[in-house]
Amino acid sequence: MNSESADEPGWDVSPEDEIAPVVEATGRQVRLWREAAGMRVVEFGRAIGYGEDLVRKVERGARIPKADFLDRADEVLNAGGHLRAFKEDMEKARYPKKVRELKMLEERAVELLLYSNHNIHGLLQTAEYARALFGTWRPTLSQDELERAAAARLARQTIFDRSPAPELSFVQEEVTLRRPVGGTMVLRRQLEHMLEMAQLAHVELQVMPTARADHPGAAGRIQVLKFGNGTAVGRTDDEFSGRPVSDPRQLRILELRYGIIRAQALSPGESLAFIEQALGET
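Using this note's numbering, the letters of the sequence shown map in sequence onto residues 719 to 1000.
Encoded structure:
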């Protein structure tokens, strides 16, 4: 029996979720194809290697079917690719709307400027660091919500596999390298991962030492995503109501701030040495 027959967190859907109608439509198609094939739920579940309860959840739209589920269902029901066609939508459906929108922007970007002052940037986080970080949220997330949030964050990291690769510039405040989110070993593995990512030719990673008393990062995180057509979108925590902006005048402010931060931070080489030192002290 497939492992998804267990109640694995991160794939359930609540009725009020904005992606619920898409998941319900997919489940309805699975049920229609199953009924057209003359198969009972238990028989169908056995044929594709999934439990009866999970199949019923998928068919009523309470569960997001994984790609493997849809592949097997398509084959067993002779659906001719009609069920496989839902795989991309179901992969996207697993993640909250804000994450889906951000991932789409990141997939289009040719250059990303990213300043983080509280935690390691999401694109650089390990799975265990992300889970530990989401575990600090209040109100506390349910296990299902936590797994879904962590999986959504990690899904964005496919940006590193793109070809041609976008240029990524990260500036991390020193405190983000010191805060033991998840404990010492989680932080150690996180720092080791950052050192590996910094070796990529299209990644520039810099550290802003706490000793730099005067730099324009006081307003919080900064992100600027630039696209191939010359347009861009940016965001910072405390300005422009925290909303994404694309107006050239507002983008100029964010790029100015990021440029100063980047210049005041340690060089990439110095930053790698700094992270290695932090790792040794952890």
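Note that CB positions come from ideal geometry on N, CA and C, so glycine has one too.
Local conformation of A791 per DSSP, three classes: helix
Other residues of its chain near N796: CB distance less than 8 Å, five sequence neighbours each side excluded: A755
Sequence-distant residues of the same chain with beta carbon closer than 6 Å to L864, five excluded per side: F852
The segment 844-858 / the segment 895-911 touching (three or more Cβ pairs under 8 Å): yes
Inter-residue Cα distance where the pair is D730 and P986: 42 Å
Residue range of the unbroken alpha helix (DSSP H) whose run includes Y976: P966 to Q982
For K821 and R802, the rounded distance between their alpha carbons: 22 Å
Distance between W855 and L997 (C-alpha atoms, nearest Å): 26 Å
Straight-line Cα distance separating R880 from R967: 30 Å
Beta-carbon spacing of T954, S964 below 9 Å: no
Beta-bridge partners of Q924, as assigned by DSSP: V889
R953, DSSP secondary structure in three states: strand
contact_flag[the segment 820-838, the segment 878-892] where n(CB pairs < 8 Å) is 3 or more: yes
Check whether H836 and T902 have beta carbons under 9 Å apart: no
Three-way DSSP call (helix, strand, coil) for G763 in this model: helix
CB contact flag (V925, F878, <9 Å): no
Alpha-carbon spacing of R790 relative to P882, whole angstroms: 33 Å
Complete beta strand (DSSP E) runs within the segment 841-925 (minimum length 3 residues, chain order): 885-891
Option in V776, H839, E824 and R826 with minimal Cα separation from M808: V776
Nearest-angstrom Cα separation, counted from P783 out to E957: 40 Å
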